[in-house]
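The opening position of the sequence shown corresponds to residue 1 in this note's numbering, with each subsequent residue numbered one higher. Don't be surprised by glycine CBs; every beta carbon is placed ideally from N, CA and C. Fair warning: this is a prediction, and the values are worked out from it, not measured in the lab. Here's the structure, in structure tokens; my notes come after.
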Amino acid sequence: RYTTSEDVLCWKDDWEIFLRECDSKTGEWLPEHVVCKAEQRKNMYCPEELLEIYIEDGDALCLKVSSQPQKYDDTYCHGANVVLPKDLSKDQLVNFTKVLLARNIREYWLPIQRENKYMPFRTRLPGKQWGKVIDDNTSIRDFVSEKNCMSAIISQNAEIKNNFTLNSVSLDLKITGCEELLHAICVFEGDLITKAGCPQGERALSYRSHECFGVGWKNMSNNLQTQIRINHYFPNRNTYRFVLKSLAKNKEYDFFQIGNFTDKLQHEYLIIMNRKEVVRVIRRESDTKFPILYKNTVTIPPSPVQLILKLDDTLRELLLIIYNADYLWRIDEDDIGVVCFTNADYDLQRFTEIDLIWKNKNKTKMIFKVKLIGDGPGQYWCEGHTVFNFSFVTTPRIVAVKKIRGHAFTANLNISCMISNNNLCYNFYKNAKKLGKHVLETLQRKKEEITPDLVIHNTRIMSIKNITFQTLDCWVHLTASLKHSAVDNSKEENSEEDNSSESEYPIKHDTSVRMNVWNLLKKLIGICSPHGSNIIRSTEYCFPDIFHSDNGDVYQWNQAVIGQMGVLSHLCLQSNG
């Protein structure tokens, strides 16, 4: 009785579908005349809320462009997957530049930032690229700068000619202050669909990962499940096409209900559609039932995503434990959703691999082995994002090492930046490895002036306090021991032998060894860094310390592991008991 056109759909002004009725008495169509206005599609491929750049013989680019210039916003481009202009093909870059110039945009924010002027620039897009260090070969304007964000700027000679051709294409990278006002532009290429966090059989857009879509039977108990009706589908058809294309094919769900209406005789009709957007109108019978296209808003579970990094004494491994990994944001099926980093082996920051070694049946708990880098100690940590508005999750930083050699200390050093007449501090994070090795070589050479018994095993620059023209003021992590004790640290660590039984305040042998190393290092640091603060601390213990009470009694604080409460060698009570 009711029908739509086989070729096109006709809409009323309020996006209500236009239907014609075949009068059963006269055999005529009502209404007799139909006037339809062609709807110009904004995008052929990209979701309607994004700007589309169509590339002949290539994938389209989808852009999210801020309406006004703004300060750098670290979260604005979450869900996008293109970082640098050089990641685009030549044709893509030409068309991308045309769009920017047509909108009078010559400079825009890149999803890249650094912690401070001494740390490397890192990618800020969640996923496999999260935290990736921008490599040394990237050409950047004003590399030495106090600024911590980065922008791309179109060369001044680039302009669109009358025939809309571009005379040249060049986008340079520039270090920019994060408070400056620039347009934010996010670039999406390829698949925009993720299933992370979605119930079985549902999918979501990469940048709206908490909104899942699916086709299935209406769940009356789930009030967060919203049916997508035809007047909402077609104004957003590209979005739903992405979803339908990614869903597993199911003959049972070939046609799904996308609308319904009741005529003047109170007969109910259903509007059904398939993935190819073939629309039919059928009269609803008592046993007629069709699945629906719906949106399901994912809520935060009672036990959200949790990342734990720990040293396992039994396995002698560094382990990453993930709870509720299904709610970690990711695009690719082989992506875990977590990236782990280290600053070991002289690096300021680098990726380190993780391998799955165990998971439970429902994957609410997974255990990974973290690969340790280099021979010396380094900090390790892991980061990820959840599907709930890309909330950030991370582990504390753990110091780990493949094989313990010597005792661990931190020292404040002032060292020269000049090596073979080259100033390595001009681009510190490009030369971080060379400077780290330079510190080790300097300490090993200078320690001969104090004693041949001190062994410096390795050093690593932990953080930078300041860089002047030719001097680096930094905190250094180092391991050292005495020659006679460096062969087997386990014996001296477990020894209960007193260093001197005649001393009024005896110190255990292992503590005595550490304190000897500590005292020698203080002398060494004083020689290597005569203008520095000459601070050196154990990273493991607070050493015994003499305490003078108000009445003249002398006590000794016992050695304690850092973070633990220390006690005196004799009972000492405060005035309150």
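Between the beta-carbon of residue i and the beta-carbon of residue j, is there less than 9 angstroms?
i                 : j                 : result
alanine 400       : tyrosine 346      : no
asparagine 458    : threonine 479     : yes
tyrosine 601      : cysteine 62       : Since the first residue shown for the chain is 1 and the last is 577, residue 601 is missing from the structure and cannot be characterised.
valine 281        : leucine 270       : yes
isoleucine 185    : arginine 106      : no
threonine 194     : threonine 297     : no
valine 338        : histidine 407     : no
asparagine 412    : valine 517        : no
tryptophan 329    : alanine 196       : yes
threonine 539     : phenylalanine 428 : no
threonine 471     : serine 416        : yes
leucine 589       : glutamate 21      : The question about residue 589 has no answer, for the chain in this structure spans 1 to 577.
phenylalanine 341 : glycine 131       : yes
tyrosine 207      : phenylalanine 188 : yes
isoleucine 55     : asparagine 81     : no
lysine 174        : methionine 150    : yes
cysteine 542      : lysine 446        : no
methionine 462    : glutamine 379     : yes
alanine 344       : proline 377       : yes
cysteine 212      : lysine 264        : no
arginine 237      : glutamate 48      : yes
serine 286        : glycine 79        : no
valine 99         : leucine 50        : no
lysine 218        : proline 291       : yes
With DSSP as the reference, label residue i as helix, strand or coil.
i                 : result
phenylalanine 290 : coil
phenylalanine 392 : strand
histidine 232     : helix
aspartate 326     : helix
lysine 465        : strand
cysteine 10       : coil
asparagine 458    : strand
alanine 400       : strand
phenylalanine 261 : strand
glutamine 227     : strand
tyrosine 429      : helix
alanine 196       : coil
tryptophan 109    : strand
tryptophan 217    : coil
leucine 348       : coil
glutamine 70      : strand
aspartate 87      : helix
tryptophan 29     : strand
serine 206        : coil
phenylalanine 18  : coil
tryptophan 130    : coil
cysteine 582      : Lying before the first or after the last residue shown, residue 582 is absent from the chain, which here runs from 1 to 577.
alanine 248       : coil
glutamate 102     : Per the sequence presented here, residue 102 reads as alanine, with glutamate not at that position. DSSP places alanine 102 in helix when its eight states are reduced to three.
asparagine 95     : helix
histidine 438     : helix
threonine 451     : coil
methionine 418    : strand
threonine 471     : strand
serine 512        : helix
For residue i, list the residues DSSP reports as bridge partners.
i              : result
valine 279     : Met273
alanine 408    : Thr479
glutamate 211  : Thr297
glutamate 52   : Cys62
glutamate 189  : Leu61
methionine 382 : Looking at the sequence shown, residue 382 is not methionine but cysteine. Paired residue(s): Cys340.
isoleucine 321 : Ile308, Ile367
tryptophan 586 : One cannot answer for residue 586 here, as it falls past the ends of the chain, which runs 1 to 577.
valine 82      : Val187
isoleucine 373 : Answer is none; isoleucine 373 lacks a bridge partner.
Do residue i and the ligand FAD come close, with the Cβ less than 8 angstroms from some heavy atom?
i             : result
threonine 262 : Looking for the ligand FAD in the displayed structure turns up nothing, as the structure carries no ligands at all.
Give the C-beta separation of residue i and residue j to the nearest angstrom, bearing in mind that I take them to be a contact with Cβ-Cβ under 8 angstroms.
i                 : j             : result
leucine 293       : tyrosine 240  : 7 angstroms
threonine 321     : lysine 365    : The residue you asked about is not threonine; residue 321 is isoleucine in the sequence shown. Yes, they are in contact, since the Cβ atoms of isoleucine 321 and lysine 365 sit about 7 angstroms apart, within 8 angstroms.
leucine 309       : threonine 395 : 4 angstroms
isoleucine 112    : valine 83     : 7 angstroms
phenylalanine 242 : leucine 192   : 6 angstroms
valine 305        : valine 393    : 5 angstroms
lysine 465        : cysteine 474  : 6 angstroms
_Taking contact to mean 3 or more Cβ pairs, one atom from each stretch, closer than 8 angstroms, check whether the stretch 312-323 and the stretch 245-258 are in contact._
no
_Meets three-Cβ-pair contact criterion under 8 angstroms: the stretch 112-126 and the stretch 73-93_ = yes
*Are at least three pairs of beta-carbons, each pair with one atom in the stretch 329-348 and one in the stretch 249-266, less than 8 angstroms apart?*
no
*Do the stretch 363-374 and the stretch 384-395 touch if we need at least three Cβ pairs shorter than 8 angstroms?*
no
*Would you call the stretch 86-98 and the stretch 299-312 in contact, with 3 or more CB pairs under 8 angstroms?*
no
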